[in-house]
DNA sequence: AAGTGGTCTAGACCACTGT
DNA sequence: CAGTGGTCTAGACCACTTT
């Protein structure tokens, strides 16, 4: 019953999607149950189940055990935006990426970082790096790393390896959280990015979790006007 | 063999994740095959398969049919950020959302919009709405809509129905594109959002495709400092 | 030829919902 | 109570890769 270009569960999905797109099943309406799909389409229940589960996962349907499966209301659904690695992005554009290391050492835990990282020790590793695209400063990266998670962080040559690449090897990434906002670039940021006084900048705060706890906190300041590109770039 | 708080396939996932987190299986390494997991954990192959499939879906593993399953290299992978519906977001916080309609009518196609929308006619529908959260202006929405896609747009009461909600009913959403950047709020935006002169604001440009062509273009100006929240909000 | 993932079946038991 | 989704099994056939 297999041997088809498109798998059966995809046909079941298409069958359901068609009825939703045609307006036959409107948001909030109950769709056919798995057993009904089994009878209608001559598939096994596991196949119908997989189709429905994937449609739930993609946000098209929602299910209530014991009750039924309903067409989701996409009106309030979110749309994903990628946060991408800036170095990789610049290279993909065929441009030259250069990382200028401003400082790289140990610091006492700053108060505003304590809200994001709760290190066991009293010190954090810190680095301040300016990323350039074809010689133009594009982003300031202010990163704090828990020594317990990445003890070798100070030995890195950050002009060669991005902190993100190293941290991925030191400990796998479990969770990432981003906060994006707009600010008027403070003097320190403006000077590194050669921004005019009062120029706007995006501020991206990124916290990563590794080994079950927050392991690094980074502030990114991409130059506002130079960043009129698709998506948001960090890492 | 069921009757457990956590499903078996979740246990299989945990089993695999544990070995990855411990460093036993590094990025690029081959992990145990489905049959091996079946023997190790005494589960059926369908259960092992579901576990592995979900780990692929979440980006932890990648599979090559006929060859094996490998630990994915997350180093250059992107991370999603949600672009959410501001009205829904405000309501979820239990706050009051109010949409103040500044203008709502027809306009000749502005030059800077022509880059995003290529309407067949000479006019576009246009609306300018300020979104308030508990009385505080939070976002300015400047939207252009192709009359061919949403002929009823001018009949809407935008203080009751968000444009997004209406457009979802008029024609299904096929594609969305966002450009995010930081700007110093121009005077017009600053006055609507009651921002101080020179204050920074996020600018989100959003183009939606419906019926195979660009159907609406919207500029969103969320107030920068008031928006120190997780994620980016638009729609 | 042996191993791998991709798919599919025809049953099953469970907890829960709704009438 | 019948119906629903959630899970699980023990097989199976297939196309493909690797040795």
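Residue numbers (the numbering used here), protein chains in the order written: chain X, 1 to 235; chain S, 236 to 470.
Ideal placement from N, C-alpha and C gives every residue a C-beta, glycine not left out.
Exercise. Are the Cβ atoms of residue 385(S) and residue 364(S) separated by less than 9 Å?
Worked result: No; because the gap between Cβ atoms is not below 9 Å, this pair is not in contact.
For this session: Residues of the stretch 245-258 of chain S with a CB closer than 7 Å to any CB of chain X: list them in chain order, please.
Result: Residues of the stretch 245-258 of chain S with a C-beta less than 7 Å from any C-beta of chain X: 255 and 256, listed in chain order.
Exercise. In the structure shown, what three-state DSSP assignment does residue 311(S) receive?
Worked result: Interpretation of residue 311(S) is limited by its pLDDT of 49, a score under 50 that renders its predicted location unreliable; the figure taken from the coordinates is listed afterwards. It is helical.
For this session: Would you check if there are 3 or more beta carbon pairs closer than 8 Å linking the stretch 246-266 of chain S to the stretch 14-31 of chain X?
Result: Not touching, per the Cβ criterion.
Exercise. Does the distance from the CB of residue 402(S) to the CB of residue 334(S) come in under 9 Å?
Worked result: Their beta carbons are not under 9 Å apart, which means residue 402(S) does not touch residue 334(S) by this criterion.
For this session: Can you give me the start and stop residues for the beta strand (DSSP E) that residue 426(S) sits inside?
Result: Taken as a continuous stretch (DSSP letters only), residue 426(S) belongs to no beta strand (DSSP E), being part of the alpha helix (DSSP H) at 422-428.
Problem set entry | residue 152(X): contacting residues in chain S (beta-carbon distance under 9 Å) | Per Cβ cutoff of 9 Å: no residues; residue 152(X) is ~14 Å from chain S at best.
Problem set entry | Those runs of the beta strand (DSSP E) which lie wholly inside the stretch 356-395 of chain S and span at least 3 residues | Listed in chain order, they are 358-368 and 371-380.
Problem set entry | chain X contact for residue 348(S) (CB, 9 Å cutoff) | Output row for residue 348(S): interface = no.
Exercise. Closer than 8 Å, Cβ to any Cβ of chain S: which residues of the stretch 29-46 of chain X, in chain order?
Worked result: Taking a C-beta cut-off of 8 Å against chain S, the contacting residues of the stretch 29-46 of chain X are 46, listed in chain order.
Exercise. Does the beta-carbon distance from residue 382(S) to residue 356(S) come in below 9 Å?
Worked result: In contact: residue 382(S) and residue 356(S) (Cβ atoms closer than 9 Å).
For this session: Tell whether a beta-carbon distance below 9 Å holds between residue 12(X) and residue 51(X).
Result: Contact flag set, yes.
For this session: Could you tell me whether the Cβ atoms of residue 454(S) and residue 434(S) are closer together than 9 Å?
Result: With contacts defined as CB atoms closer than 9 Å, residue 454(S) and residue 434(S) fail to qualify as a contacting pair.
Exercise. Under a CB-based cut-off of 9 Å, is residue 148(X) close to chain S?
Worked result: Against chain S, the CB of residue 148(X) has no partner CB under 9 Å away; the residue lies outside that interface.
Exercise. Would the C-beta of residue 454(S) count as close to the ligand MN, meaning under 8 Å from any of its heavy atoms?
Worked result: You won't find the ligand MN in this model; it holds no ligand whatsoever.
Exercise. Whole-angstrom Cβ separation of residue 189(X) and residue 124(X), contact assumed at under 8 Å?
Worked result: With 8 Å as the limit, residue 189(X) and residue 124(X) do not qualify as a contact, their Cβ atoms being about 20 Å apart.
Exercise. Just curious, the alpha helix (DSSP H) that residue 40(X) is in, first and last residue?
Worked result: 34-41 is the span of the alpha helix (DSSP H), which, as asked, contains residue 40(X).
Exercise. Given that residue 198(X) touches chain S, what residues does it touch there, using C-beta distances under 8 Å?
Worked result: The answer, in chain order, is 419 and 433.
Exercise. Mind checking if residue 437(S) is an interface residue toward chain X, Cβ cutoff 9 Å exclusive?
Worked result: Any Cβ of chain X closer than 9 Å to the Cβ of residue 437(S) would place that residue at the interface, and such an atom is present.
Exercise. So which of 297(S), 253(S) and 242(S) has the shortest CA-CA distance to residue 174(X)?
Worked result: Looking at the Cα atoms, 253(S) is the closest of the given residues.
Exercise. Measuring CA to CA, which of 191(X), 161(X), 169(X) and 48(X) is closest to residue 210(X)?
Worked result: Looking at the Cα atoms, 169(X) is the closest of the given residues.
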